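K.L.:
Take the sequence shown: its position 38, counting from 1, is numbered 38 in my numbering, and each next residue is one higher.
Glycine included, every Cβ here is placed at the ideal spot set by N, Cα and C.
Remember, predicted model here, so these are calculated numbers, not experimental data.
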Amino acid sequence: MLSVKDLHVHYGVIEALKGVSIDVNEGEIVSLIGANGAGKTTMLQAISGIVKKSSGDVEFLGQSIYKTNPKNIVAAGLTQVPEGRRIFTGLSVYENLMMGAFLRKDKKGIEEDLQKVYKQFPILEQRINQDASTLSGGEQQMLAMGRALMAKPKLMLLDEPSMGLAPILVKEIFSIIKEINAQGTTVLLVEQNAKMALSIAHRAYVLETGKIVLSGTGEELINSPEIQKAYLGG
């Protein structure tokens, strides 16, 4: 579904990604773990077209999106839930969700997907008319995920969904990610909570200073002594 090939990204003279290659197959949850500053967010933003790429290629559904406008990438079925939620303050929960569907014209389909989001996140229906800025951190994360689902994505990129959340909410968010995947959305997950990220991943990659240094199934990596020492406190 997604194939990133020898991707390089520079910020001025700093090389943030140094020839990264990963694949995400349809139906998978693929986790990308690594320390702060490893290049994880840059990777997602490069895939989404938000960050300019220096060289390499990104293919989605068999087509290169290397030079594709971010709006057209969303229209093709790839959406991103950004780090820090980035909900629209001053807009209601409902208006935030509708922003996710801004490229769609199928009114009936939009309404059906809205009801699906409310079923997935009942708290959002209860808060429908509230200013999104008044939601708790966990509720804002749910809103950001619901907004992305309103775009009807084939592939969802999730950037640090557990950031700043209490442990009980982290478990709930990861449970929801598994549900979203089970309902047919492929997921590429960037996450500092390596244990949780690997526990739900079909496959995973480890990114260090802009390079992929390890890959394998989630189970293989969670049981790897190297990973346990570096990321799991083992």
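Can you tell which of 97, 64, 112 has the C-alpha that lies nearest to the C-alpha of residue 131?
P.N.:
Ranking 97, 64, 112 by Cα distance to residue 131 puts 97 first.
K.L.:
Could you give the distance in angstroms between the alpha-carbon of residue 24 and the alpha-carbon of residue 188?
P.N.:
Spanning the two alpha carbons is a distance of roughly 7 Å.
K.L.:
State yes or no: is the C-beta of residue 85 within less than 8 Å of the C-beta of residue 141?
P.N.:
Going by C-beta atoms, residue 85 is nearer than 8 Å to residue 141.
K.L.:
Considering only the alpha carbon of each residue, which of 127, 2, 31 lies closest to residue 57?
P.N.:
Answer by Cα proximity: 2.
K.L.:
Does the beta-carbon distance from residue 163 to residue 81 come in below 8 Å?
P.N.:
The answer is no: Cβ separation not under 8 Å.
K.L.:
Look up residue 208 in the DSSP assignment and give the residues it is bridged to.
P.N.:
Residue 208 pairs with 211.
K.L.:
Checking 8 Å against the spacing of the C-beta atoms, do residue 66 and residue 52 come in under that value?
P.N.:
No, these two residues do not count as a Cβ contact at 8 Å.
K.L.:
Using 8 Å for Cβ pairs, my map puts residue 114 next to residue 150. What's the rounded Cβ distance?
P.N.:
With a Cβ gap of about 7 Å, residue 114 and residue 150 count as contacting.
K.L.:
Could you give the DSSP three-state label for residue 166: helix, strand or coil?
P.N.:
In this structure, residue 166 counts as coil in the three-state DSSP scheme.
K.L.:
So, at 6 Å on beta carbons, what are the nonlocal neighbours of residue 178 in its own chain, with the 5 sequence-adjacent residues on each side left out?
P.N.:
Closer than 6 Å at the Cβ level, and outside the excluded window around residue 178, lie 200.
K.L.:
Per the contact definition of three or more C-beta pairs closer than 8 Å, is the region 39-52 in contact with the region 5-14?
P.N.:
Yes: the two stretches touch, three or more of their Cβ pairs being nearer than 8 Å.
K.L.:
If you measure between the beta carbons of residue 207 and residue 19, is that distance less than 8 Å?
P.N.:
No, these two residues do not count as a Cβ contact at 8 Å.
K.L.:
Once DSSP output is grouped into helix, strand and coil, what is the label at residue 83?
P.N.:
Of the three classes helix, strand and coil, the one that applies to residue 83 here is coil, per DSSP.
K.L.:
If you drop the 5 nearest sequence neighbours on each side, which residues of the same chain put their C-beta closer than 8 Å to that of residue 159?
P.N.:
For residue 159, where only same-chain residues beyond five positions count, the Cβ hits under 8 Å are 40, 41, 44, 80, 81, 82, 83, 190.
K.L.:
For residue 226, collect the residues of the same chain with a Cβ closer than 8 Å to its Cβ; drop the 5 residues on either side in sequence, then sort them by chain order.
P.N.:
Answer for residue 226: 214, listed in chain order.
K.L.:
Determine the DSSP secondary structure at residue 42, reduced to helix, strand or coil.
P.N.:
Helix.
K.L.:
Check for me: the beta strand (DSSP E) holding residue 11 runs from which residue to which?
P.N.:
That run of the beta strand (DSSP E) goes 2-11.
K.L.:
From residue 197 to residue 108, what distance separates their C-alpha atoms?
P.N.:
Distance between the alpha carbons of residue 197 and residue 108: 35 Å.
K.L.:
State yes or no: is the C-beta of residue 89 within less than 8 Å of the C-beta of residue 133?
P.N.:
Contact: yes.
K.L.:
Pick out the complete alpha helix (DSSP H) segments inside the region 124-156, 4 residues or longer, and give them in chain order.
P.N.:
With a minimum length of 4 residues, the continuous alpha helix (DSSP H) runs that stay inside the region 124-156 are 137-149.
K.L.:
Please return the same chain residues whose Cβ sits closer than 6 Å to the Cβ of residue 127, not counting the five positions on each side in sequence.
P.N.:
Hits under 6 Å: 93.
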